[in-house]
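So the structure is just underneath, and the comments pick up after that.
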Amino acid sequence: MLRRLLFVAAVLLLPLGGCAIADALTKPLPSATGTTSEGDVYALREGYQVVLKAMDPYVNLRRCGAPTSPKLCSQQKVADQLVLADRAAKTALDNAENLVRNAPEVSGVSAYSAAKAAISTVKEILAVYAN
Numbered sequence: 008m009l010r011r012l013l014f015v016a017a018v019l020l021l022p023l024g025g026c027a028i029a030d031a032l033t034k035p036l037p038s039a040t041g042t043t044s045e046g047d048v049y050a051l052r053e054g055y056q057v058v059l060k061a062m063d064p065y066v067n068l069r070r071c072g073a074p075t076s077p078k079l080c081s082q083q084k085v086a087d088q089l090v091l092a093d094r095a096a097k098t099a100l101d102n103a104e105n106l107v108r109n110a111p112e113v114s115g116v117s118a119y120s121a122a123k124a125a126i127s128t129v130k131e132i133l134a135v136y137a138n
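This is the structure in structure tokens:
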């Protein structure tokens, strides 16, 4: 419990500010309807950059578990989950961006929705384990 409290305090001290971090984890991601434009995907990517500012401090903390672990530490399993989810989100965002940029005649809603779902996974892991 103390570890979580200290992590939250550390996140709140980030240059971005605590309110923006909390918003990143609670604010819904934009939805795509009809056709999806490059602007929609870029807006989603910008939202993901804010989520990364909440994820990176947790992943970069020293790991818990050793007798000499600091009070503010991260769990290896959670950091591993975040790294895998981050890779999936980046891949999905890149795919959505490539689709709307290179094939504008094709609806990018499915690719956009896949990217949004991948980002939501990162947000959920953070909300459950890093708060």
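Basically the working numbering = 1-based index in the sequence shown + 7. Cβ coordinates follow ideal geometry from the N, Cα and C atoms, glycine included. Just so we're clear, the structure is a prediction, and the values are computed from it rather than from any experiment.
On the criterion of 16 or more Cβ atoms from any shown chain inside 10 Å, does residue i qualify as buried, or is it exposed?
i	result
residue 49	exposed
residue 81	buried
residue 118	buried
residue 43	buried
residue 104	buried
residue 110	exposed
residue 137	buried
On the three-state DSSP scale, how would you describe residue i?
i	result
residue 117	helix
residue 69	coil
residue 44	coil
residue 76	coil
Can you find the residues in the same chain that come closer than 7 Å, C-beta to C-beta, to residue i, ignoring five residues on each side of it along the sequence?
i	result
residue 129	58, 62, 89, 92, 93 and 96
Cutting at 6 Å between CB atoms, please list the residues of its own chain near residue i, excluding the five before and the five after it.
i	result
residue 66	86 and 89
residue 99	121, 122 and 125
residue 52	100
residue 102	118
Near residue i, what residues of its chain come up, given a Cβ to Cβ distance below 8 Å and the 5 sequence neighbours on each side ignored?
i	result
residue 45	104, 107 and 108
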